[in-house]
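From first to last, the protein sequence lines are chains A and C.
So the first sequence is numbered by my numbering: it starts at 4 and just counts up by one.
So the second sequence is numbered by my numbering: it starts at 4 and just counts up by one.
Protein chains: 2
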Amino acid sequence: MNNKEISQAVVARLPRYYRYLGDLRDEGVERISSQELSKIMHVTASQIRQDFNHFGGFGQQGYGYNTDYLYEEIGKILGLDHPHNMILIGAGHLGSALIGYMNFRRRGYLFKAAFDINEALFNQTISGIPVYPMSDMPDYIKNNNIDIVVITISKQEAVKVVEVLNRCPIKAIWNFAHCELEVREDIQVENVHLSDSLMQLSYQIRQYELRHSREEEDGKKDSTRHPAGKHPHKNEEAG
Amino acid sequence: MNNKEISQAVVARLPRYYRYLGDLRDEGVERISSQELSKIMHVTASQIRQDFNHFGGFGQQGYGYNTDYLYEEIGKILGLDHPHNMILIGAGHLGSALIGYMNFRRRGYLFKAAFDINEALFNQTISGIPVYPMSDMPDYIKNNNIDIVVITISKQEAVKVVEVLNRCPIKAIWNFAHCELEVREDIQVENVHLSDSLMQLSYQIRQYELRHSREEEDGKKDSTRHPAGKHPHKNEEAG
Numbered sequence: 004m005n006n007k008e009i010s011q012a013v014v015a016r017l018p019r020y021y022r023y024l025g026d027l028r029d030e031g032v033e034r035i036s037s038q039e040l041s042k043i044m045h046v047t048a049s050q051i052r053q054d055f056n057h058f059g060g061f062g063q064q065g066y067g068y069n070t071d072y073l074y075e076e077i078g079k080i081l082g083l084d085h086p087h088n089m090i091l092i093g094a095g096h097l098g099s100a101l102i103g104y105m106n107f108r109r110r111g112y113l114f115k116a117a118f119d120i121n122e123a124l125f126n127q128t129i130s131g132i133p134v135y136p137m138s139d140m141p142d143y144i145k146n147n148n149i150d151i152v153v154i155t156i157s158k159q160e161a162v163k164v165v166e167v168l169n170r171c172p173i174k175a176i177w178n179f180a181h182c183e184l185e186v187r188e189d190i191q192v193e194n195v196h197l198s199d200s201l202m203q204l205s206y207q208i209r210q211y212e213l214r215h216s217r218e219e220e221d222g223k224k225d226s227t228r229h230p231a232g233k234h235p236h237k238n239e240e241a242g
Numbered sequence: 004m005n006n007k008e009i010s011q012a013v014v015a016r017l018p019r020y021y022r023y024l025g026d027l028r029d030e031g032v033e034r035i036s037s038q039e040l041s042k043i044m045h046v047t048a049s050q051i052r053q054d055f056n057h058f059g060g061f062g063q064q065g066y067g068y069n070t071d072y073l074y075e076e077i078g079k080i081l082g083l084d085h086p087h088n089m090i091l092i093g094a095g096h097l098g099s100a101l102i103g104y105m106n107f108r109r110r111g112y113l114f115k116a117a118f119d120i121n122e123a124l125f126n127q128t129i130s131g132i133p134v135y136p137m138s139d140m141p142d143y144i145k146n147n148n149i150d151i152v153v154i155t156i157s158k159q160e161a162v163k164v165v166e167v168l169n170r171c172p173i174k175a176i177w178n179f180a181h182c183e184l185e186v187r188e189d190i191q192v193e194n195v196h197l198s199d200s201l202m203q204l205s206y207q208i209r210q211y212e213l214r215h216s217r218e219e220e221d222g223k224k225d226s227t228r229h230p231a232g233k234h235p236h237k238n239e240e241a242g
């Protein structure tokens, strides 16, 4: 397997393949062709074959891929063949939502404890997971083989916490704070910037409206082009 | 302004520019050069100039960009020059976290109401936002000029809700359900698939470990290459 030069775009598609293959497996589908997978996932069959070829192709034959095998192999590539111990920093609503999400546990992402500065939460539990004071965190990480730290606190707090985490034996941070983190070179970071995602959505709205008003302008010049009452389709080529 | 052919990668960087420029503005920085911005944001100055050129360049002169102007202009491109009315579907922990997030409100993303199927929540409020029965949703959208619907419910429920939303005059869906949605062509969708993000993180962990164990193998063959006790740097070229 040669995953040295796999682009971020391919990597971003892997979890999606994994989700769809999990559904197919649950439905008892034993084999699937790239054409069938293409239809369900709205990507081209050639894109699917190209993506899979980065990982050796997963042994497609005339009658398609073995669903179980493909699911397991992609799972291995995503690091799902062994469990990951996690802790949460910041036991608010967002953190509680993440702890309560059953699919994480099912895939081996195991929350072991949460940490907060709010004394009222100490020794309470969230979906069965205990909440401890922040000061206990470094020792807890050391003694409990923690891989992934999930951060759901403010930008200001996150900067301070990361200084502590840089001295702890962790492998990765899943960051929901609204800033980039300065981490040790062997700590992997994945950011979830929710406000960025929302801004991309309003960008899309604005772009659609700009395109649409341009099309209406064009429509006035050539009113026979679009049937009345029907919006021109998004992907229709400009005349 | 010609934004017709702007790639997804450029669009994904815009909110990040906006965040950093907002911070600079708050700090009272009036002008900034692409070199200075590059240093803060860890992207190259030429990348920044290229990105900005898609939108007309924002009038950089010898002494850099006007921070206020740049912030306002990128805000307009992101559709932040007017407010967006939003509703939430699914008043659980995740939804409550989103409603409570002050930065959304500050940027004109205004939650007006939440909808749920849990009767115990009806006529309660979350951070001051009322919760109503799901059956009230279509009328509420029609009467309150709702642009964006935020979905924080299960995959199974989301599929049903989207059928209803396809008949409502909305512009966009911010989707946290773990599936792709089949929407009307004029509805924009932005997905936040949290489990995909977590899988990308464990992919990165695994890749780091593979790379690292390969480097250790290489190190055994040529033990003088890396000083003892010091990990080879991530970006160091393989010998």
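Yeah, the Cβ is synthetic: ideal placement off N, Cα and C, and Gly gets one too.
Taking a contact to mean a Cβ-Cβ separation below 8 Å, would you say residue i touches residue j in this structure?
{"i": "Leu124(A)", "j": "Ala161(A)", "result": "no"}
{"i": "Ile176(A)", "j": "Val192(A)", "result": "yes"}
{"i": "Tyr23(A)", "j": "Ile43(A)", "result": "yes"}
{"i": "Phe58(C)", "j": "Leu201(A)", "result": "no"}
{"i": "Tyr104(C)", "j": "Ala116(C)", "result": "no"}
{"i": "Ile35(A)", "j": "Gly67(A)", "result": "yes"}
{"i": "Leu97(A)", "j": "Ala100(C)", "result": "yes"}
{"i": "Phe114(A)", "j": "Ile92(A)", "result": "no"}
{"i": "Ile151(C)", "j": "Leu204(A)", "result": "yes"}
{"i": "Pro86(C)", "j": "Gly111(C)", "result": "yes"}
{"i": "Ser138(A)", "j": "Ile102(A)", "result": "no"}
{"i": "Gly78(C)", "j": "Tyr20(C)", "result": "no"}
{"i": "Leu3(A)", "j": "Pro18(A)", "result": "This structure leaves residue 3(A) out entirely; chain A is present only between 4 and 242."}
{"i": "Val167(A)", "j": "Pro141(A)", "result": "yes"}
I'd like to know if residue i contacts chain B, where contact means its C-beta is closer than 8 Å to some C-beta of that chain.
{"i": "Gly31(A)", "result": "Although the question refers to chain B, the structure presented lacks it and instead comprises the protein chains A and C."}
What is the DSSP secondary structure of residue i, counted as helix, strand or coil?
{"i": "Glu240(A)", "result": "In this predicted model, Glu240(A) has a pLDDT of only 33, less than 50, meaning its place in the structure is not dependable enough to derive any value."}
{"i": "Phe55(A)", "result": "helix"}
{"i": "Tyr206(C)", "result": "helix"}
{"i": "Val167(A)", "result": "helix"}
{"i": "Thr70(C)", "result": "helix"}
{"i": "Asn121(A)", "result": "coil"}
{"i": "Leu81(C)", "result": "coil"}
{"i": "Tyr23(C)", "result": "helix"}
{"i": "Val13(C)", "result": "helix"}
{"i": "Ala187(C)", "result": "Before going on, a small fix: residue 187(C) reads as Arg here, not Ala. Arg187(C) falls in the coil class under three-state DSSP."}
{"i": "Ile102(A)", "result": "helix"}
{"i": "Arg110(A)", "result": "coil"}
{"i": "Ile35(A)", "result": "strand"}
{"i": "Ile149(C)", "result": "coil"}
{"i": "Glu218(C)", "result": "helix"}
{"i": "Glu30(A)", "result": "coil"}
Anything in chain A within Cβ reach of residue i, meaning under 7 Å, just list it in chain order.
{"i": "Tyr74(C)", "result": "Going along chain A, no residue has its Cβ under 7 Å from Tyr74(C), so there is no contact; the nearest lies around 13 Å."}
{"i": "Gln203(C)", "result": "Val14, Ala15, Pro18, Glu193"}
{"i": "Gly103(C)", "result": "His96"}
{"i": "Tyr66(C)", "result": "Those do not exist, as Tyr66(C) stays about 26 Å from chain A at its closest Cβ, beyond 7 Å."}
{"i": "Tyr143(C)", "result": "Those within 7 Å of Tyr143(C) in chain A number zero; the least Cβ separation is about 19 Å."}
Cβ closer than 9 Å: which chain A residues qualify as neighbours of residue i?
{"i": "Ile208(C)", "result": "Gly82, His87, Asp150, Ile151, Lys174, Ala175, Gln191"}
Who are the neighbours of residue i on chain C, taking C-beta pairs under 9 Å?
{"i": "Phe20(A)", "result": "Here residue 20(A) turns out to be Tyr, not Phe, going by the sequence shown. Those within 9 Å of Tyr20(A) in chain C number zero; the least Cβ separation is about 10 Å."}
{"i": "Tyr135(A)", "result": "What Tyr135(A) touches in chain C: nothing, since even the nearest Cβ is about 20 Å away."}
In the DSSP assignment, what are the bridge partners of residue i?
{"i": "Ile154(A)", "result": "Ile92(A), Asn178(A)"}
{"i": "Val192(C)", "result": "Ile176(C)"}
{"i": "Thr47(C)", "result": "Paired residues: none, contrary to the question."}
{"i": "Leu97(A)", "result": "None; Leu97(A) has no bridge partner."}
{"i": "Ala116(C)", "result": "Ile90(C)"}
{"i": "Ile129(A)", "result": "Ile132(A)"}
Report the option in the options whose CA atom is closest to the CA atom of residue i.
{"i": "Arg187(A)", "options": "Val167(C), Gln203(C), Tyr211(C), Asn169(C)", "result": "Tyr211(C)"}
{"i": "Glu76(A)", "options": "Asn88(A), His87(A), Ala94(A), Asn56(A)", "result": "Asn56(A)"}
{"i": "Gln207(C)", "options": "Arg217(A), Asp221(A), Lys174(A)", "result": "Lys174(A)"}
{"i": "Asn146(C)", "options": "Leu81(C), Asn88(C), Phe61(C), Arg19(C)", "result": "Asn88(C)"}
{"i": "Arg109(C)", "options": "Val32(C), Ile80(C), Asp84(C), Val46(C)", "result": "Asp84(C)"}
{"i": "Ser37(C)", "options": "Glu30(C), Arg28(C), Ala12(C), Thr70(C)", "result": "Thr70(C)"}
{"i": "Gln127(C)", "options": "Ala94(C), Val153(C), Gln159(C)", "result": "Ala94(C)"}
{"i": "Thr155(A)", "options": "Pro172(A), Ile120(A), Asp26(A)", "result": "Ile120(A)"}
{"i": "Lys158(C)", "options": "Val32(C), Asn148(C), His181(C), Tyr143(C)", "result": "His181(C)"}
{"i": "Ala12(C)", "options": "Asp26(C), Val32(C), Asp199(C), Ile51(C)", "result": "Ile51(C)"}
{"i": "Leu27(A)", "options": "Ala15(A), Leu40(A), Gly222(A)", "result": "Leu40(A)"}
{"i": "His45(C)", "options": "Arg16(C), Glu220(C), Gly60(C)", "result": "Arg16(C)"}
{"i": "Arg170(C)", "options": "Glu30(C), Gly25(C), Ile144(C)", "result": "Ile144(C)"}
{"i": "Asp54(A)", "options": "Ser216(A), Arg217(A), Arg214(A), Val14(A)", "result": "Val14(A)"}
Give the residues of chain C in contact with residue i, contact being defined as C-beta atoms less than 7 Å apart.
{"i": "Ser216(A)", "result": "Residues of chain C passing the Cβ test: none, with the nearest at roughly 13 Å."}
{"i": "Ala100(A)", "result": "Gly95, His96, Leu97, Ala100"}
Kindly list, in the order they appear in chain C, the residues whose Cβ is closer than 8 Å to that of residue i.
{"i": "Phe2(A)", "result": "Since the first residue shown for chain A is 4 and the last is 242, residue 2(A) is missing from the structure and cannot be characterised."}
For residue i, which residues in chain A fall below 8 Å Cβ to Cβ?
{"i": "His181(C)", "result": "Arg22, Asn106"}
Should residue i be counted as a contact of the ligand FAD given a C-beta to heavy atom distance under 7 Å?
{"i": "Gln53(C)", "result": "Ligands in the displayed structure: none, and consequently the ligand FAD is not present."}
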